[in-house]
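The block underneath contains the structure these notes are about, expressed in structure tokens.
Protein chains in written order, with the working numbering: chain P, 914 to 1132; chain A, 1285 to 1535.
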């Protein structure tokens, strides 16, 4: 068994004060399943399971759920749907009374977008106008625990590049826990999905990259 | 969650996410007598699906049309802990369907000799089978049936004395004889697929289940969704009989 980064605590366990604890009878109790590592100065807690709360600037993968009069409602794995206005999709003028918006982006299609505005986690606006953000054709989405996405992407996207090179798949991971995968061969797809699930399961161990390389070569 | 598009692409190329072939079951693990307070119990693990069945033996009144036979009641619970789509509250249509299908295979296979459960006029033993889904990853019907049949085979009958049952004294095992099993078969692009996971169940339109007894008798059939042609059914029956023999070994 590989070495852990710290100690795993469950909800209800007594812990030192951290961001996932609450005070009860002068003791601190953990609220979440988290990994607690001690430094000389302070204790650090990493949540091992969480819900996605959007922040401005996040890159997310979304699935279009509804076509509205002036935009689209997009499922971004959060508590509310995000809104994608027409102005954040196309640059030229569109007469919304005469055009069928579902011809631009239809229900169930996948987009790679940036969060541009969040008010109270209720009004979430996303954009696909600039940069690499676009509608993704083909492939499909798998969802993972949003707390583990950082490990799946890796430092400077190293882990994602590793999986994508070894399996010949196109992979884009959104910060919201949705990961888009596309490959012509089913075998490669299975390899990539199982590797992502492997990372999700073993993300709290040291030496994850070597473990993933070993796993991909075994398969 | 895995997107329908991915599952469909894999199935079209004849592949599954866990690298099984289409006609292969996941690993089956059965554990008997896991609940000390129940007269009989068993848990079945089928991949990530986990089902626990418990059997309670109570004093009961017989039904008016069968005054000399014991009664059998099957109930299924889908607690919210088992899957994100399960809601608290009264059982939904799938829970009722599951309970009725398990009831049907137990009753119609005549595996319990209900006439031996007669005590005296107006008093019989009642067999209550409770199915609890602990974790749902598809193929609940096969797993629940295996759990119920295993639980019934480990059931003991408590002693009856002075109008009540003595819980810690037993007069013997429940009179059971057969080991019927369901085999659920899905159809996709004219090929047949067994032991579907939850993600696969979401994309398959045609699903049928055959209940088969030890002596290759078909005791229950349920078309769960979709449509099948008549000559297909005959082919599927042979497949189901073959597979039921394989599953029965675990009981």
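Built from N, CA and C at the ideal position, the CB exists for glycine as well.
Which residues in the same chain as residue 1022(P) place their Cβ atom closer than 7 Å to its Cβ, once the five residues preceding and following it in sequence are excluded?
-> 977, 1048
Given that a residue counts as buried once 16 or more other Cβ atoms are within 10 Å of its Cβ, and exposed if not, what is residue 1466(A)?
-> buried
Is any beta-carbon of chain P found at less than 8 Å from that of residue 1490(A)?
-> Using a Cβ-Cβ cut-off of 8 Å, residue 1490(A) does not count as an interface residue toward chain P, since no Cβ of chain P sits closer than that to its own.
Presumed contact (8 Å Cβ cut-off) between residue 1386(A) and residue 1448(A), rounded CB distance = Actually they are not in contact, since the Cβ atoms of residue 1386(A) and residue 1448(A) sit about 29 Å apart, beyond 8 Å.
At 9 Å on the CB atoms, spell out the chain P contacts of residue 1299(A), in chain order.
-> 1099, 1100, 1102, 1103
Report the three-state DSSP secondary structure of residue 1506(A) (helix, strand or coil).
-> strand
May I ask you to report which of helix, strand or coil DSSP gives residue 1522(A)?
-> helix
Report yes or no: is there a C-beta of chain P within less than 8 Å of the C-beta of residue 1293(A)?
-> With 8 Å as the cut-off, residue 1293(A) counts as an interface residue toward chain P.
So which residues on chain A does residue 1053(P) lean against when the C-beta distance must stay under 9 Å?
-> Close to residue 1053(P), with beta-carbon spacing below 9 Å, are these residues of chain A in chain order: 1286, 1287, 1288, 1289, 1290, 1291, 1292, 1293.
State the DSSP-derived secondary structure class of residue 978(P), mapped to helix, strand or coil.
-> In the structure shown, residue 978(P) sits in a strand (DSSP, three-state: E or B).
Would you list the one or two residues that DSSP bridges to residue 1495(A)?
-> Beta-bridge pairing links residue 1495(A) to 1466(A), 1504(A).
Option nearest residue 1519(A) by Cα separation, candidates 1389(A), 1446(A), 1494(A), 1370(A) = 1494(A)
Measure from the alpha carbon of residue 999(P) to the alpha carbon of each residue in 981(P), 1080(P), 1097(P), then state which is nearest.
-> 981(P)
For residue 1110(P), the three-state DSSP class (helix, strand or coil) = helix
Taking residue 1330(A) and residue 1300(A) to be in contact with their CB atoms under 8 Å, please state how far apart those CB atoms are, rounded to whole angstroms.
-> Not really, about 15 Å apart at Cβ, beyond 8 Å.
Is the CB of residue 1473(A) under 8 Å away from at least one CB in chain P?
-> no
Return no unless some Cβ of chain A is closer than 8 Å to the Cβ of residue 858(P).
-> Beyond the ends of chain P as shown, which are 914 and 1132, falls residue 858(P); an answer cannot be given.
Taking all protein chains shown into account, decide if residue 925(P) is buried (16 or more other Cβ within 10 angstroms of its Cβ) or exposed.
-> Counting Cβ neighbours within 10 Å, residue 925(P) comes out exposed, since fewer than 16 surround it.
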